[in-house]
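Visitor: Can you read through this structure? Questions will come right after.
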Amino acid sequence: MTLHTLSSGSQGNCLLLSDGMGSGEAAHREAAMTVRLLRQFLQAGIEPLPALKTLNTAAMLRCQGGAGFTTIDLACLDRAEGVLTLYKYGAAPSYIKRQGAVARYRAQALPAGLESADGDVPPQRIAVSPGSWLVQVSDGVAGDDDQWLQDLLAGWDGTSPRALAQELLRQSWQRTGGADDCAVSVLAMDGREDARPV
-6 MTLHTLSSGS QGNCLLLSDG MGSGEAAHRE AAMTVRLLRQ FLQAGIEPLP
44 ALKTLNTAAM LRCQGGAGFT TIDLACLDRA EGVLTLYKYG AAPSYIKRQG
94 AVARYRAQAL PAGLESADGD VPPQRIAVSP GSWLVQVSDG VAGDDDQWLQ
144 DLLAGWDGTS PRALAQELLR QSWQRTGGAD DCAVSVLAMD GREDARPV
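Residue -6 is where the sequence shown starts when you use the numbering used here, and the numbers rise one by one after that.
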């Protein structure tokens, strides 16, 4: 799996997490290629929806040739408008904490390479303000029941995105024993951000 943070001009600040099918080096290569291509599209000024559609079409062709599929979890923050937009292809849920309440956002499409290339993945637009937090995780973090993660986030009163990511990974390890690759990305809406792959 691969995490990436980038500033992409008209798209604002973006966080991107991709998890390749399976585990090990092959899965990492698929995820790294997905992140690299999407980063190039966004930095070239291509809007997220057409960039994702092109990437999904390419992934479908690769899957037909025997390559694996990948999840895509893209979050773009427009600080001026106070809007966070999520684009999720088969990705694990994302969590947003606002004023002590935690909302859970699920993927609305299959992983890239499995989703139909005919339609667009509907973006999820969420109003955010300073003090809000975004947490992205890979599917190995929460396990079968993510209530513990939502409870931890709801009660979090720290100020460090890195500390929150580390605590999520620590508790995930205690619960799952590290049965799957894990990655956590945390963005605090006051400008701090952190990506902590493990």
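C-beta: ideal position from N, C-alpha, C; glycine also.
(1) Helix, strand or coil: which one does DSSP assign to Leu10?
(2) What is the DSSP secondary structure of Gln117, counted as helix, strand or coil?
(3) Any idea what DSSP makes of Ser87, helix, strand or coil?
(4) Would you grab the beta carbon distance between Leu127 and Leu77 for me? Rounded to a whole angstrom, and I think it's under 8 Å.
(5) What do you get for Gly133, buried or exposed, if any count of 16 or more other CB atoms within 10 angstroms of its CB means buried?
(6) Can you list, in chain order, the residues of its chain whose CB lies under 6 Å from that of Gly83, leaving out five sequence neighbours each side?
(7) I need the boundaries of the alpha helix (DSSP H) containing Leu67, first residue and last residue.
(8) Could you give the distance in angstroms between the alpha-carbon of Pro115 and the alpha-carbon of Asp71?
(9) Where Ala158 and Gln92 are concerned, what is the direct C-alpha to C-alpha distance, given to the nearest angstrom?
(10) How would you write the range of the alpha helix (DSSP H) that Thr152 sits in, first residue to last?
(11) Decide if Gln167 is buried, meaning its Cβ has at least 16 other Cβ atoms within 10 Å, or exposed.
(12) One question on the structure: do Ala68 and Gln129 come within less than 8 Å of each other, judged by their Cβ atoms?
(13) Return the chain-ordered list of same chain residues with a C-beta closer than 8 Å to the C-beta of Tyr98, the five sequence neighbours on each side being excluded.
(14) Within the continuous alpha helix (DSSP H) that includes Leu142, where are the two ends?
(15) If you draw a straight line from the C-alpha of Leu46 to the C-alpha of Ala156, how long is it?
(16) So Ser178 and Leu10 are supposed to be a Cβ contact under 8 Å. How far apart are they, rounded?
(17) Just to confirm, are Leu48 and Leu30 a CB contact at a threshold of 8 Å?
(18) Is the beta carbon of Leu180 closer than 8 Å to that of Leu8?
(19) Taking the alpha carbon of Gly124 as the reference point, which residue from Leu107, Met14, Asp183 has its own alpha carbon closest?
(20) Round the Cβ separation of Arg62 and Met14 to the nearest angstrom and send it over; I've been treating them as touching at under 8 Å.
(21) Taking the straight line between their C-alpha atoms, what separation do you get for Gln164 and Ala94?
Guide: Once the coordinates are examined:
(1) strand
(2) strand
(3) strand
(4) Confirmed, about 6 Å.
(5) buried
(6) Correct list, in chain order: Thr64, Ala100, Leu103, Pro104.
(7) Premise fails: Leu67 lies in the beta strand (DSSP E), 63 to 71, not in any alpha helix (DSSP H).
(8) 17 Å
(9) Ala158 and Gln92: Cα-Cα distance of roughly 19 Å.
(10) Careful: Thr152 lies outside any alpha helix (DSSP H) and carries neither H nor E.
(11) exposed
(12) Yes.
(13) In its chain, beyond the 5 residues on either side, Leu79, Lys81, Pro86, Ser87, Tyr88, Ile89, Gln117, Ile119 have a beta carbon closer than 8 Å to the beta carbon of Tyr98.
(14) According to the DSSP assignment, Leu142 belongs to the alpha helix (DSSP H) that extends over 140 to 148.
(15) The question names Leu, but residue 46 is Lys in the sequence shown. Straight-line Cα distance between these residues: approximately 35 Å.
(16) Confirmed, Cβ separation roughly 6 Å.
(17) Yes, these two residues count as a Cβ contact at 8 Å.
(18) yes
(19) Asp183
(20) Correcting the residue type first, residue 62 is Phe in the shown sequence and not Arg. Phe62 to Met14, Cβ: 5 Å. Contact.
(21) 20 Å
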